[in-house]
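In our numbering, each residue's number is its place in the sequence shown (first place is 1) plus 13. Ideal Cβ placement from N, Cα and C applies to all residues, glycine included. A short worksheet on the structure shown next.
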Amino acid sequence: SSFFCCMNSFHDGCNPFAQTGRSKLQNTRASLNQQIIKQMRMRAGAENLLKASSNNKVKEMVLLELSYVNSNLQLLMGELEGLNSSVEVYQNTQETANIPLIALGLKETKEVDYSTLFKDFILEHYSEDGKDYEDEIADLMDLRQACRTPSRNEAGVELLAKYFSHLPLVESRFFSPSRQTGIFFTWYDSFTGVPVCQQNLSLEKASILFNMAALYSQIATRSDRQTVAGLEEAISSFQIAAGTLNHLKETFTHTPSYDMSPAMLSMLIRMMLAQAQECLFEKIALPGIRNQFSSLMKMAQEASRVSEIYDQVHQSMIQTPIKDNVPLFWSTMTQVKANHYRSMAHFFVASALLDHQLGPSDDEDQQEKTLSQVYDRLPEGRSPLDILKNKDERTRIGKTHIRRAILGHEEALRIYGLCHHLNKLEALQDILKASHQRSLNKSSENENEEEFTDYTEAPDIISKTEHKAEMEVPATTKVKVTDFFQRLGPLSVFSAKQRWTAPRTIRLRPEDRDLGFTLKGETPVQVVSLDPLSPAAADGLKEGDYIVTVGNTDCKWLGVTEVMRLLKDVDEEGIDIQVVSVMDSNPPMPTKSATFCGNLPKTYSMICLAYNDDDKNPKSRKVTKKSSFISWGLKNKLKSASTLSLPTADHSGTLPWNKPCPTFPSSSSYNNDSALY
14 SSFFCCMNSF HDGCNPFAQT GRSKLQNTRA SLNQQIIKQM RMRAGAENLL
64 KASSNNKVKE MVLLELSYVN SNLQLLMGEL EGLNSSVEVY QNTQETANIP
114 LIALGLKETK EVDYSTLFKD FILEHYSEDG KDYEDEIADL MDLRQACRTP
164 SRNEAGVELL AKYFSHLPLV ESRFFSPSRQ TGIFFTWYDS FTGVPVCQQN
214 LSLEKASILF NMAALYSQIA TRSDRQTVAG LEEAISSFQI AAGTLNHLKE
264 TFTHTPSYDM SPAMLSMLIR MMLAQAQECL FEKIALPGIR NQFSSLMKMA
314 QEASRVSEIY DQVHQSMIQT PIKDNVPLFW STMTQVKANH YRSMAHFFVA
364 SALLDHQLGP SDDEDQQEKT LSQVYDRLPE GRSPLDILKN KDERTRIGKT
414 HIRRAILGHE EALRIYGLCH HLNKLEALQD ILKASHQRSL NKSSENENEE
464 EFTDYTEAPD IISKTEHKAE MEVPATTKVK VTDFFQRLGP LSVFSAKQRW
514 TAPRTIRLRP EDRDLGFTLK GETPVQVVSL DPLSPAAADG LKEGDYIVTV
564 GNTDCKWLGV TEVMRLLKDV DEEGIDIQVV SVMDSNPPMP TKSATFCGNL
614 PKTYSMICLA YNDDDKNPKS RKVTKKSSFI SWGLKNKLKS ASTLSLPTAD
664 HSGTLPWNKP CPTFPSSSSY NNDSALY
């Protein structure tokens, strides 16, 4: 029934019944997480039995069982890595002309039942009947459930942002710094499938932020990169994903989950920005590259920039401890792209030098300036003008660039062949082969059998871009929401960190039109200047008490003026009010929270087994029944005739979207410590 309620209450941005490739992939991830935790518990039990038993026969049987369990775990980890390598389902359905991009999968979580513990807390802490808040608790649980299946669009992001914005309010209402709530939040690591569990909301907040970034990356990869609008959407989404991950990294510095560790987040941020830079390059190339000297040199530097940033991503992926859990597909793809775009840069320089000899009508100074900006050092100490004016020299250096382009394309194809997940991406293979063939054709056009082979290596090309991909601050990290539990009273007063007495009933009987105290504050109002000899004081009213009801009216959200209006007509029989007093709070205990450390298996084992104010302008008024009482509290450009286009796969070809992804063993080791399971 709560699932049905989820569909009705939070329909926008939530699609729990979707049967898309993306949702099926996410369901498979959830199933794998459960299988991994089961195998790890079995392994822990076997290891404990091995330690406790002195019988050799029993030990042999246990060791055999352990070998089976470890084999199963290795297979499951391989399947999870295969899921993280399944980029096909995230691409645009018509996409066969561009190199595929990598999207992050959503973190999976277990259901959380707030109901019983929140109702108990409301009764114990706020002295109200928890049953009166069943609808609000159900709304909160439905919202969380909806966040497990967000739609891949802005509505899905807003849904996550809505829940994220509710969490600080829920934390203030129900999560006391001096005691544990007994509510366990469990989230599964995206890369290892290992569950992480905490009783505070830090893990919940961090995981929702991670999923917001993941959703933005999925929106980016789904964009139509054959249109300017689609490329702009992809660029913006990747940049926002990077900004969200950076916000996560800076805000939650001790999140006990490997996929949200600082090192992993830094790598993911670089990867998002690299893909944004790649889309920026594609946007420049989309109308066609003008077959002119300056345009070709500009594109060479743009391609070199994409190659450079993918090199940086690959270097961060092969560092310890990241390399043990990053999918082989990811690191191989970044290597392929680094080589591909570097080769493309050399091809553009070669085309500029070989096809555009300096003529009388050319701007000699402009070409000289352009060439000097492309090289960090010029070949054999020659000046740019020497190279431009000397046809033989220009041709010779152009040929060195085309040779380097061919070698780079061959290296990209070689690396592509090393990863069988990459081999499933036929569009990628087509693009790599087309690029290689184009460089071979350029080389054969400029071959001269009478010339000696020159083995001089082409110089590196300086990377430069007119549009650098940068992190965008996500505008939807927080949205304005209405507190589900606002009936409990103003949050600044009625919060979990402030302890209260149970409401006390006081009978107010005016003496000579005076109730014997003054009210101050915004909401709720507070009793001050209490006459110790007044009937109210004798009945138990205390200095500093907060008035929560007058008669049958709830006053927690009423100011001085409204409360005075309720009290002005008190007759001689008086009226009942209810007040609460602040209790002395014990010094808050530090919240127990596991932190991330380098030894992954031990870290996770430790975490998982723990589970099976004064107002600025106070208003003060004397409560009397005088006449002055009533006044109280009034408070796209055209293509060139001669253009070059980027190599693409055949538009009639299709990617193997529906082919199953084979599994392969993970490089991770999970045999160190699992005593918690």
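| Check | Outcome |
| --- | --- |
| When Arg-407, Leu-76, Thr-347 are compared against Ile-428, the one with the closest alpha-carbon | Thr-347 |
| Best match in His-179, Lys-533, Ala-110, Ala-226 for proximity to Val-576 [C-alpha to C-alpha] | Lys-533 |
| Nearest candidate by alpha-carbon position, reference Glu-470, set Gly-206, Gln-511, Ala-363 | Ala-363 |
| For Pro-163, the three-state DSSP class (helix, strand or coil) | strand |
| Proximity of Leu-228 and Val-183 at Cβ, strictly below 8 angstroms | no |
| Cβ pair Arg-539, Gly-557 closer than 8 angstroms | The amino acid at residue 539 is misidentified as Arg; the sequence shows Gln. Going by C-beta atoms, Gln-539 is nearer than 8 angstroms to Gly-557. |
| C-alpha distance - Pro-523 paired with Gly-529, whole-angstrom precision | 8 angstroms |
| Cβ-Cβ distance between Phe-251 and Ala-289 below 8 angstroms | yes |
| Own chain partners of Val-209 with C-beta closer than 6 angstroms, once the 5 adjacent residues on each side are dropped | Trp-200, Pro-269, Ser-270, Ile-620 |
| Residue range of the unbroken alpha helix (DSSP H) whose run includes Gly-693 | A query on residue 693 cannot be resolved here, the shown segment of the chain reaching from 14 to 690 and no further. |
| Within the region 185-244, ranges of the alpha helix (DSSP H) (whole runs, at least 4 residues) | 215-235 |
| As assigned by DSSP and simplified to three states, the class of Thr-333 | coil |
| Counterpart residues of Val-540 in DSSP-defined beta bridges | Leu-532 |
| Per DSSP, the bridge partner or partners of Leu-521 | Ile-588 |
| Alpha-carbon to alpha-carbon, Ser-220 and Phe-131 | 22 angstroms |
| Local Cβ density within 10 Å of Val-486, reported as buried at 16 or more and exposed below that | exposed |
| Neighbourhood of Ala-59 by C-beta, 8 angstroms cutoff - its chain only, sequence neighbours within 5 removed | Val-75, Glu-78, Leu-79, Val-82 |
| Spatial neighbours of Arg-520 in its chain, beta-carbon cut-off 7 angstroms, leaving aside the 5 residues before and after | Asp-552, Gly-587, Asp-589 |
| Start-to-end residues for the beta strand (DSSP E) that takes in Tyr-559 | 559-563 |
| Cβ-based neighbour list, Gly-195, same chain, cut-off 6 angstroms, excluding 5 preceding and 5 following | Leu-130 |
| Distance, Arg-318 Cα to Thr-478 Cα | 7 angstroms |
| Exposure of Glu-121, with buried meaning 16 or more beta-carbon neighbours within 10 Å | buried |
| Environment of Lys-510 [buried if 16+ CB atoms lie within 10 Å] | exposed |
| Thr-234, buried or exposed, once every other Cβ within 10 Å from all chains shown has been counted against 16 | buried |
| At least 3 beta-carbon pairs within less than 8 angstroms: the region 351-362 vs the region 304-316 | yes |
| Local conformation of Trp-513 per DSSP, three classes | strand |
| Classification of Ala-174 by the beta-carbon crowding that lies within 10 angstroms, buried from 16 upward | buried |
| Cβ neighbour criterion (16 or more within 10 Å) applied to Thr-264 | exposed |
| Local Cβ density within 10 Å of Arg-417, reported as buried at 16 or more and exposed below that | buried |
| Beta-carbon contacts of Trp-513 that lie in its chain and below 8 angstroms, excluding the five residues immediately before and after | His-138, Tyr-139, Ser-140, Phe-507, Val-593, Ser-594, Val-595, Met-596 |
| Beta-ladder partner(s) of Thr-495, from DSSP | Partner(s): none; Thr-495 has no beta bridge. |
| Proximity of Met-13 and Val-326 at Cβ, strictly below 8 angstroms | This structure does not reach residue 13, given that the chain is present from 14 up to 690, and the question cannot be answered. |
| Boundaries (first-last residue) of the alpha helix (DSSP H) holding Asn-352 | 341-368 |
| Spatial neighbours of His-353 in its chain, beta-carbon cut-off 6 angstroms, leaving aside the 5 residues before and after | Ala-425 |
| Separation of Ser-236 from Arg-192, as counted between CA atoms | 47 angstroms |
| Own chain residues within Cβ distance below 6 angstroms of Tyr-323, not counting five before or after | Ala-287, Thr-347, Lys-350, Ala-351 |
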